[in-house]
Amino acid sequence: MKRVAPSARMEQEITEALRTSGDPLGEAARRGAQLILQRVLEAEVEEFLGRGRYVRAGDGALRGYRNGYEPKRVHLSEGTIQLQAPQIREGVEPFESRWLAAIGKRSARLRELIPLLYVKGLSQRDIEAALVEALGVAGTGRSVISGVCQSLRPVFRRWQERDLADEPLVYLFLDGIYLKLRPEDRRAAAVLCAYGILTDGRKVLLHLEIGDKESTTCWETFLEDMKRRGLRTPLMTVIDGHAGCRKAVKRKFPEALVQRCQVHKMRNILAKLPEAARAGLKKLIYKAFTAQTYKEGLAQARAIIVQFRERFPAAMKCLEQDLDECLTALKLPQAHRRQTRTTNLLERLFGEGKRRSKVIPRFSSEDSGLTLLFAVLLDASEGWHGLRMNDALRARLEVMRSDPDSPWEDPDLADLVA
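Numbered according to our numbering, the sequence shown spans residues 6 to 423.
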């Protein structure tokens, strides 16, 4: 009976980890790093011996025999991982893994490198250069690079299809980024993204997919995919204000509250004002957006509209449009308002995605580009800080599900919202 290579066993473990781990994204990153590095070690031995596992040597002289594996522990920023270092016996020359030595000395530098290795479509030269620069090991063969590039795309696919029924969702955040993902693209394609805040306060990346544009149809398909996998209806959905996204949310989650991103809204209003008036109006509008209660915020915003409608009609029309949805977060507990009134977290993630992808001249395929973006977002999401939650807050949020317009004005729980 043929033995299973350690890397093949690790692929099976990744699938199980994504299904059962309490932190599937962090676990995928750690195990993904483990699988990449194991592939490197196995490919290095194949190159040394001149043949793969269970392949007989040709007419040429044997360079040695496989002799099992020796466990090696490596400390990465994702945590400690264990690799199985292949051993060689009766070799024509001693075999010492250059990669294992380099990994141990430069493990901290792998964090920035790993997302690049998720992408199958990068050129052999680009990947080899990245590995050499990070680990200082020259003379890498094609078999090493090829094995690395092909190893982790299934991780993304499994993540896209994972069950979401066990994610107790409270807040859902939606936004899109435009990237040129195909070599022949003249215009950028929309990449739709969702993350959520759960009842325990954790922030988790939920879904990532391509939509030709941010149309209602694309967003509906995106949301329906998450519902099909068991995603719970959120208490509130935070959107950037795109009309297609708003319509899709209303159709797929009609019971959910909607919060328009206040940063996007403010940006649109200020763009319609003369420069001299922007600072003053921004202060007034921000005060309304961050009022103590929903009613106060609505009253303050309406007063601004009345006061400045004649001087700045376009800006005031923009403020008035969907005003109630710009203030929805004011119905929530104080402790949750700051992190639920914008889609800023996704904006920062997208900025990081664009920054890192600049090192790649072009994506060789749509799939490669999306996989790289996933890897970057996965990596960045590990640094997210959670939202404050406790039993009293959770109970109150559940009450709001049955009465969404019930504002947070309970004086008996004032000590919980400071």
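We put the beta carbon where it would ideally sit given N, CA and C, even for glycine.
- prompt: Quick one: what does DSSP say Ser241 is sitting in, helix, strand or coil?
  reply: Working through the sequence shown from its first residue, we reach residue 241 at position 236. Looking at the sequence provided, one finds Met at residue 241 rather than Ser. Strand.
For the beta strand (DSSP E) that contains Glu214, what are its first and last residues?
On the sequence shown, position 209 is the one that residue 214 refers to. Where Glu214 is concerned, the enclosing beta strand (DSSP E) stretches over Lys208 to Gly216.
Problem - Residues bridged to Val196 (per DSSP) - result: Stepping through the sequence shown from its first residue, residue 196 is reached at position 191. Its beta-bridge partners are Ile182 and Ile215.
Take Arg265 as the anchor and find which of Leu324, Glu75 and Arg94 has the nearest alpha-carbon. Taking the first residue of the sequence shown as position 1, residue 265 is located at position 260. Looking from the CA of Arg265, the closest CA among Leu324, Glu75 and Arg94 belongs to Leu324.
Rounded separation between Pro120 and Glu403 - CA only:
Working through the sequence shown from its first residue, we reach residue 120 at position 115. Working through the sequence shown from its first residue, we reach residue 403 at position 398. Confidence at Pro120 is low in this model, with a pLDDT of 48, below 50, so its placement is unreliable and the value that follows should be read with caution. Here the C-alpha atom of Pro120 lies approximately 38 Å from the C-alpha atom of Glu403.
Grouping DSSP H, G and I as helix and E and B as strand, with all else coil, what is Glu75? Your numbering for residue 75 matches position 70 in the sequence shown. The three-state secondary structure of Glu75, taken from DSSP, is strand.
Open item on the list: Taking its Cβ as the centre, do 16 or more other Cβ atoms sit within 10 Å of Asp408, making it buried, or is it exposed?
Closed with: One-based indexing of the sequence shown puts residue 408 at position 403. With fewer than 16 other CB atoms across the displayed protein chains lying within 10 angstroms of its CB, Asp408 is exposed.
Check your understanding: If you scan the region 266-315 from start to end, which runs of the alpha helix (DSSP H) of 4 or more residues do you find wholly inside it?
Key -> Entirely contained in the region 266-315, the alpha helix (DSSP H) runs reaching 4 residues are, in chain order, 267-275, 280-294 and 299-313.
Bridge partner(s) assigned by DSSP for Ala90: Sequence index remark: in the sequence shown, residue 90 carries index 85 (1-based). Answer is Glu75.
Going by DSSP in three states, Leu328 sits in which element: helix, strand or coil?
In the sequence shown, residue 328 corresponds to position 323, counting from 1. Leu328 falls in the helix class under three-state DSSP.
- Compute the beta-carbon to beta-carbon distance between Tyr200 and Leu240, rounded to the nearest angstrom, for a pair I have assumed lies under 8 Å. By one-based count along the sequence shown, residue 200 stands at place 195. By one-based count along the sequence shown, residue 240 stands at place 235. With a contact defined as Cβ atoms closer than 8 Å, Tyr200 and Leu240 miss out at about 15 Å.
Less than 6 Å between C-beta atoms, sequence neighbours within five positions excluded: which residues of the same chain meet that for Thr221?
Counting from 1 along the sequence shown, the entry for residue 221 is found at position 216. Excluding sequence neighbours, Thr221 sits near Gly249, Lys252 and Ala253.
How would you call Ala194, buried or exposed, if buried means at least 16 neighbouring beta carbons within 10 angstroms?
The residue given as residue 194 occupies position 189 in the sequence shown. Result: buried.
Q) Which stretch, first to last residue, makes up the alpha helix (DSSP H) that contains Asp230? A) Translated into the one-based positions of the sequence shown, residue 230 becomes position 225. Per DSSP, Asp230 belongs to the alpha helix (DSSP H) from Thr221 to Arg233.
Between the C-alpha atoms of Leu303 and His390, what's the straight-line distance to the nearest angstrom? In the sequence shown, residue 303 corresponds to position 298, counting from 1. In the sequence shown, residue 390 corresponds to position 385, counting from 1. Their Cα atoms are separated by approximately 30 Å.
Review point. Over what stretch of residues does the alpha helix (DSSP H) that includes Gly249 continue unbroken?
Key: Reading the sequence shown from its first residue, position 244 is the one you call residue 249. Looking at the DSSP string, the run of the alpha helix (DSSP H) that includes Gly249 is Ala248 to Lys257.
Less than 8 Å between the beta carbons of Ala10 and Glu51, yes or no? As a working note, residue 10 is residue 5 in the sequence shown. As a working note, residue 51 is residue 46 in the sequence shown. Against a cut-off of 8 Å, the Cβ pair of Glu51 and Ala10 comes out as no contact.
Measuring CA to CA, which of Gly206, Ala106 and Leu211 is closest to Leu169?
-> Along the sequence shown, one-based indexing puts residue 169 at 164. Relative to Leu169, the option among Gly206, Ala106 and Leu211 whose CA is nearest is Leu211.
| task | List the DSSP bridge partners of Gln264. | result | Here residue 264 refers to the residue found at position 259 of the sequence shown. Gln264 is bridged to Val243.
Q) Over what stretch of residues does the alpha helix (DSSP H) that includes Phe317 continue unbroken? A) Reading the sequence shown from its first residue, position 312 is the one you call residue 317. Neither: Phe317 is in no alpha helix (DSSP H) and is coded neither H nor E.
Check your understanding: Which residue's Cα is closest to the Cα of Glu214: Leu286, Ala276 and Val196?
Key -> Counted from its first residue, the sequence shown places residue 214 at position 209. When C-alpha distances from Glu214 are compared across Leu286, Ala276 and Val196, the shortest belongs to Val196.
Report the rounded CA-to-CA distance for Pro318 versus Arg233, giving the unit in angstroms. The residue you call residue 318 lines up with position 313 of the sequence shown. The residue you call residue 233 lines up with position 228 of the sequence shown. Roughly 44 Å separates the two Cα atoms.
Task: Nearest to Thr226 (by Cα), restricted to the options Ala281, Lys257 and Arg237 - done: Counting from one through the sequence shown, the residue named residue 226 turns up at place 221. Thr226 has its Cα closest to that of Lys257, out of Ala281, Lys257 and Arg237.
Exercise for the section: Under 6 Å Cβ to Cβ from Arg94, same chain only, skipping five residues before and after it: list those, please. Expected result: Taking the first residue of the sequence shown as 1, we reach residue 94 at position 89. Excluding five sequence positions before and after Arg94, the CB atoms of its chain that fall closer than 6 Å to its own CB belong to Tyr70 and Asn72, given in chain order.
Exercise for the section: Have a look at Ala261 and His80 and give me their C-alpha separation to the nearest angstrom. Expected result: As a position in the sequence shown, residue 261 is number 256, starting the count at 1. As a position in the sequence shown, residue 80 is number 75, starting the count at 1. Inter-residue distance for Ala261 and His80 is about 44 Å (C-alpha atoms, whole angstroms).
Euclidean distance between Cα positions of Ile425 and Trp224: Past the edges of the chain, shown from 6 to 423, lies residue 425, and the structure says nothing about it.
- Task: Could you have a look at Leu398 and say whether DSSP puts it in helix, strand or coil?
- Result: For the purposes of this step, residue 398 is taken as residue 393 along the sequence shown, with counting starting at 1. Residue state, collapsed to three classes: helix.
- Distance between beta carbons of Arg393 and Ala340, contact taken as under 8 Å: Residue numbering aside, residue 340 sits at position 335 when the sequence shown is read from its first letter. Residue numbering aside, residue 393 sits at position 388 when the sequence shown is read from its first letter. With 8 Å as the limit, Ala340 and Arg393 qualify as a contact, their Cβ atoms being about 5 Å apart.
* Would you tell me roughly how many angstroms separate the C-alpha atoms of Met271 and Gly388, rounded to the nearest one? => In the sequence shown, the residue the question calls residue 271 occupies position 266. In the sequence shown, the residue the question calls residue 388 occupies position 383. Taking the straight line joining both Cα atoms gives about 27 Å.
**Prompt:** Leu174 bridges to which residues according to DSSP?
**Reply:** Position 169 of the sequence shown, counting from 1, holds the residue named residue 174. Beta-bridge pairing links Leu174 to Leu203.
For the alpha helix (DSSP H) that Arg342 lies in, which residues bound it at each end? As a first step, residue 342 is located in the sequence shown; it is residue number 337 there, counting from the start. Gln339 to Arg342 is the span of the alpha helix (DSSP H), which, as asked, contains Arg342.
How long is the line joining the alpha carbons of Lys300 and Arg78, rounded to whole angstroms? Position 295 of the sequence shown, counted from the first residue, corresponds to residue 300. Position 73 of the sequence shown, counted from the first residue, corresponds to residue 78. If you draw a straight line from the Cα of Lys300 to the Cα of Arg78, it is about 58 Å long.
Between the alpha carbons of Ala296 and Leu351, how many angstroms are there, rounded? Locating residue 296 in the sequence shown gives position 291, counting from the first residue. Locating residue 351 in the sequence shown gives position 346, counting from the first residue. Roughly 24 Å separates the two Cα atoms.
Discussion item. Can you tell me where the alpha helix (DSSP H) holding Phe161 begins and where it ends?
Written reply: Position 156 of the sequence shown, counted from the first residue, corresponds to residue 161. Looking at the DSSP string, the run of the alpha helix (DSSP H) that includes Phe161 is Arg158 to Gln165.
- Task: Identify whether Thr376 lies in helix, strand or coil by the three-state DSSP scheme.
- Result: Walking along the sequence shown from the start, residue 376 turns up at place 371. In the three-state reduction of the DSSP assignment, Thr376 falls in the helix class.
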